[in-house]
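Numbering (the working numbering), first residue to last: 7 to 162.
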């Protein structure tokens, strides 16, 4: 079933107006973090606080518990992908990013992260593909364009 509000947000991401785009981005992130209500949101916050103190193993345990409780909670997978990326466990991060995109094909953050992981592994063609997918959703995100150019240059 189509979600007219979501369609409007996706349209706003294409806007020439920076405030309109930024508001749409904030609303999408809010939706993603709150997908499982206040309980899910709080559990992500708790894991983030633990991660920020450098307790990577505990943060991973917490996020894995959230994923087991709600396997369709895309943002929990995304948060764990970020953790894996921070630990330079790129293949694990890629697997989690791919799950995020399977659950939420418009998750531009996971697509960007997927590109970062592939770039870190010198898999530039895959990185370019991921950055292009993210750019199709958020075309004004200059960082994706810069990374596409950087990865293209590294191919040659």
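The beta-carbon is built from N, C-alpha and C at its ideal position, and this holds for glycine as well.
To the nearest angstrom, report how far apart residue i and residue j are at their CA atoms.
i: residue 97; j: residue 12; result: 31 angstroms
i: residue 81; j: residue 38; result: 6 angstroms
i: residue 33; j: residue 15; result: 8 angstroms
i: residue 47; j: residue 154; result: 33 angstroms
i: residue 89; j: residue 62; result: 7 angstroms
i: residue 130; j: residue 72; result: 32 angstroms
i: residue 118; j: residue 136; result: 6 angstroms
i: residue 143; j: residue 29; result: 15 angstroms
i: residue 134; j: residue 83; result: 22 angstroms
i: residue 56; j: residue 49; result: 11 angstroms
i: residue 116; j: residue 160; result: 22 angstroms
i: residue 43; j: residue 64; result: 23 angstroms
i: residue 141; j: residue 74; result: 31 angstroms
i: residue 9; j: residue 87; result: 27 angstroms
i: residue 68; j: residue 139; result: 30 angstroms
i: residue 19; j: residue 31; result: 7 angstroms
Which residues bound the alpha helix (DSSP H) around residue i?
i: residue 19; result: Note, residue 19: premise wrong, no alpha helix (DSSP H); not H, not E.
i: residue 48; result: 43-58
i: residue 114; result: 114-126
i: residue 149; result: 148-161
i: residue 62; result: 62-75
i: residue 102; result: 96-109
i: residue 88; result: 80-92
Among the options, which one has its Cα closest to the Cα of residue i?
i: residue 124; options: 68, 145, 158; result: 158
i: residue 156; options: 142, 122, 139, 143; result: 122
i: residue 146; options: 24, 9, 10; result: 24
i: residue 40; options: 57, 76, 92, 27; result: 76
i: residue 58; options: 161, 92, 9, 127; result: 92
i: residue 127; options: 150, 111, 99, 148; result: 99
i: residue 35; options: 10, 53, 101, 110; result: 110
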